[in-house]
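Please read the structure below before turning to the comments.
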Amino acid sequence: MKRQEVFNAWIEKTSQIDVRENFKDEVMKQIYQYEQKKRETSFNMRWFVDLISAHPLAQAALIAVGTMTGFIRVVFIILVILSKGDING
Amino acid sequence: MKDIDVIHQVLAGEVDSFKLLMERYYRPVIRFTKNMTNDSDICEDIAQDVFLAAYKRLHCFDPHRSNFSTWLFTIARNKTINALKKKSPLSMSQLPQMPDLRNPSHSLSEKEFFDELDSILHTLPTRQKTAFVLAEFEKLPYARIAQIEGVRIGTIKSRISRAKRKLRTALKDLDGDIL
Chain P
879 MKRQEVFNAW IEKTSQIDVR ENFKDEVMKQ IYQYEQKKRE TSFNMRWFVD
929 LISAHPLAQA ALIAVGTMTG FIRVVFIILV ILSKGDING
Chain V
553 MKDIDVIHQV LAGEVDSFKL LMERYYRPVI RFTKNMTNDS DICEDIAQDV
603 FLAAYKRLHC FDPHRSNFST WLFTIARNKT INALKKKSPL SMSQLPQMPD
653 LRNPSHSLSE KEFFDELDSI LHTLPTRQKT AFVLAEFEKL PYARIAQIEG
703 VRIGTIKSRI SRAKRKLRTA LKDLDGDIL
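Protein chains in written order, with this note's numbering: chain P, 879 to 967; chain V, 553 to 731.
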């Protein structure tokens with residue numbers, strides 16, 4: 879067998895592969911799981927948005943929680959700045 | 553049906569149509585990952601990751617920039633290179649036994665030459681190996697390999713030429729015929 883033939887035979891041999899039979903099914907299974915998870919997440923978000931928009935009390939509660947969180951954050955930042963001022967001065 | 557039509561179907565919510573794309577490309581992708589990693593165990597796992605990533609990012613595919621197979625091979629290339637970086641290098645004991653090609657009394661079988669070529673392929677730098685595998689095993693034109701690698705065609709030609717030069721050393725002592 880000549881050099882070029884050996885090389886070509888090697889390319890031919892290396893190009894042949896065995897793939898497990900269920901390869902495609904496994905990938906599709908993962909894709910279906912991904913889609914399912916995506917739907918569940920989007921469903922949960924939709925449920926939350928529907929709840930908020932349908933109940934004025936829920937809207938008020940959300941605004942109150944947001945305001946409180948913002949207020950606590952501002953107080954915390956002021957405290958941090960003041961405590962740094964104490965250390966420096 | 554063209555790839556782009558199948559892609560539109562998948563993006564419109566027909567998840568099952570993705571199987572058509574897989575049917576067309578799973579063998580080339582697995583062959584590529586196999587020839588790059590030389591590891592039958594992990595090559596199919598990498599290929600699974602490639603198809604899952606392709607599905608998740610299908611909306612990012614731009615048919616004006618490349619065709620689907622080029623885009624898919626780009627994902628396969630990136631995933632394989634990442635896997636190779638994580639994989640620990642072979643220890644000396646794990647390296648395949650090479651025949652002594654310089655000993656004229658040693659009559660070489662076809663299998664020994666194949667093993668020698670395999671060993672040299674897997675010691676090539678990743679860039680040379682990627683270009684060589686895409687050109688010789690996947691029969692991709694240089695322009696598409698350049699697109700996958702994000703370099704100029706001249707660079708690809710030079711990488712392939714260097715890879716072939718190294719592989720030729722395995723055959724240089726082959727004078728005439730082998731068994």
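C-beta atoms are modelled at their ideal positions from N, C-alpha and C, and glycine is treated no differently.
Rounded to whole angstroms, the separation of the alpha carbons of P:V943 and P:S961 is 27 angstroms. Contact of V:K718 with chain P is not assigned, every C-beta pair being separated by 9 angstroms or more. Going by C-alpha positions, P:D928 is about 12 angstroms away from P:P934. For V:M574 against V:F603, the beta-carbon gap comes to about 6 angstroms, under 8 angstroms, which counts as contact. Within chain V, the residues placing a beta-carbon under 7 angstroms from that of P:S893 are R583, F689, ordered along the chain.
V:P580 sits buried, since 16 or more C-beta atoms from the chains shown fall within 10 Å of its C-beta.
Of all residues in the region 905-939 of chain P, only V905, M906, Q908, I909, Y910, Y912, E913 place a beta-carbon less than 8 angstroms from a beta-carbon of chain V. Near chain P, meaning a CB-to-CB distance below 9 angstroms, the residues of the region 568-597 of chain V are D568, F570, K571, M574, E575, Y578, R579, I582, R583, K586, N587, S592, C595, E596.
Under the criterion of beta carbons closer than 8 angstroms, V:L673 and V:K681 qualify as touching, at roughly 7 angstroms. Flagged as an interface residue toward chain P: V:Y607, by a C-beta distance shorter than 9 angstroms. In the same chain as V:D601, and ignoring 5 residues on each side of it, the C-beta atoms closer than 6 angstroms to its own belong to K631, in chain order.
By the Cβ criterion, the region 604-623 of chain V is in contact with the region 690-704 of chain V, since at least three pairs of Cβ atoms, one from each stretch, lie closer than 8 angstroms.
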